[in-house]
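So the number in the working numbering is just where the residue sits in the sequence shown, counting from 1, plus 27.
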Amino acid sequence: MAAVKGEVELARVRYDAATGLVPVVAQDAETGDVLMLAYADREALKRTLATGYAWYYSRSRRAYWRKGETSGNVQRVVEVRVDCDGDAVLYRVVPEGPACHTGEQVCFYRRLVPDGVSSEASKEGGLNPEGAAVRAEEGDAPAASDASGDVPGNVAWDESALARLWGVIDSRYRERPDGSYTTYLFTHGAERMGKKIGEEAVEVALAGLKAERDATAKAEVASESADLLYHLLVLWRHVGVQPSEVWQVLEKRA
Numbered sequence: 028m029a030a031v032k033g034e035v036e037l038a039r040v041r042y043d044a045a046t047g048l049v050p051v052v053a054q055d056a057e058t059g060d061v062l063m064l065a066y067a068d069r070e071a072l073k074r075t076l077a078t079g080y081a082w083y084y085s086r087s088r089r090a091y092w093r094k095g096e097t098s099g100n101v102q103r104v105v106e107v108r109v110d111c112d113g114d115a116v117l118y119r120v121v122p123e124g125p126a127c128h129t130g131e132q133v134c135f136y137r138r139l140v141p142d143g144v145s146s147e148a149s150k151e152g153g154l155n156p157e158g159a160a161v162r163a164e165e166g167d168a169p170a171a172s173d174a175s176g177d178v179p180g181n182v183a184w185d186e187s188a189l190a191r192l193w194g195v196i197d198s199r200y201r202e203r204p205d206g207s208y209t210t211y212l213f214t215h216g217a218e219r220m221g222k223k224i225g226e227e228a229v230e231v232a233l234a235g236l237k238a239e240r241d242a243t244a245k246a247e248v249a250s251e252s253a254d255l256l257y258h259l260l261v262l263w264r265h266v267g268v269q270p271s272e273v274w275q276v277l278e279k280r281a
């Protein structure tokens, strides 16, 4: 592979204006084989750079996922590159197992031919929609939404998602699995967590300014707020603060 001819800061990556995502190609650093194509946003790239393992963002589930978290087929990242225009990213990885959820070593194991030349695709059930590999590997289903893809404003407050997230964070605190971004935060302590909280708070504020001018950008506020809330929960667990203690303070102030 061609030698590196310079470095580019994370801030220079150009994300799609509508989705906030950038395509990521995973390549075997030893063989040069192209393993798979997925997507990432700024946070997923930050997690990849921080942990040394491949993180992506699922468009179907609207969630982050670390490759191999369930299957064990992790991708250890040795280098992250960006293309000349800054709108595509390359993970050079050392894969520990197949890249494809079908069991194939790479996702690009079929050759595309003109219509009518081969029926191989129909025999195999056709191409999988984006996210199928993620759901098969992570054992999860797409997040529910209404027909418009938006969330009605009168939906009752539901703490179940928060409780599940707290459960995962607590598990990471106790078990400290290798390659986990949450483990990385616990290992580096309150100073690193505080820095991340500051960064995420700024991104929430910037997203709010953007949404104030353009109502279609409200999804970005929700996404950045979720990142901020996650890092807050990690800090709470690190210093021994239970969510119920925070709720009690809010209740008193109300």
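Glycine included, every Cβ here is placed at the ideal spot set by N, Cα and C. All values reported here derive from a predicted model rather than from experimental measurement.
Below 7 Å between beta carbons: does that hold for residue i and residue j?
i      : j      : result
Gly113 : Arg39  : yes
Val231 : Glu251 : yes
Ala244 : Lys237 : yes
Glu131 : Val101 : no
Asp68  : Gly47  : yes
Met220 : Ala126 : no
Could you check what DSSP says for residue i in three-state terms: helix, strand or coil?
i      : result
Ala160 : Any reading at Ala160 is ruled out, since the residue's pLDDT is 35, under 50, leaving its predicted position unreliable.
Tyr91  : strand
Arg201 : helix
Leu48  : coil
Ala65  : strand
Gln269 : coil
Arg86  : coil
Asp43  : coil
Val231 : helix
Glu123 : coil
Arg240 : helix
Grab me the residues of residue i's own chain with a C-beta within less than 8 Å of its C-beta, minus the 5 sequence neighbours each way, in chain order.
i      : result
Ile224 : Leu255, His258, Leu259, Leu262
Ala56  : Val105, Glu106, Arg119, Val120, Val121
Val282 : Here the chain has residues from 28 to 281 only, and residue 282 is not among them.
Leu37  : Arg69, Leu72, Lys73, Leu76
By how many angstroms is the C-alpha of residue j removed from the C-alpha of residue i?
i      : j      : result
Tyr66  : Tyr118 : 11 Å
Ser187 : Ile196 : 14 Å
Glu278 : Ala249 : 23 Å
Tyr42  : Pro50  : 9 Å
Gly59  : Ala29  : 11 Å
Gln275 : Leu189 : 16 Å
Arg138 : Gln269 : 53 Å
Glu239 : Val133 : 43 Å
Pro204 : Pro141 : 46 Å
Ala44  : Leu192 : 29 Å
So residue i packs on residue j, CB below 8 Å; how close in whole Å?
i      : j      : result
Arg199 : Thr209 : 4 Å
Ala115 : Ala81  : Not really, about 15 Å apart at Cβ, beyond 8 Å.
Val266 : Ala217 : 7 Å
By Cβ distance below 6 Å, which residues in the same chain neighbour residue i in space, the five residues on each side in sequence not counted?
i      : result
Ser207 : Arg199
Tyr211 : Ala77, Thr78
Arg74  : Trp82, Tyr208
Enumerate in chain order the residues of its own chain whose CB-to-CB distance from residue i is below 7 Å, with the five nearest sequence positions on each side excluded.
i      : result
Ala71  : Trp82, Tyr83, Tyr84, Tyr91
Phe135 : Val61
Arg264 : Ile196, Asp197, Tyr200
Any beta carbon of chain D sitting closer than 7 Å to that of residue i?
i      : result
Gln269 : Of the protein chains in the structure, only one exists, and it is not chain D.
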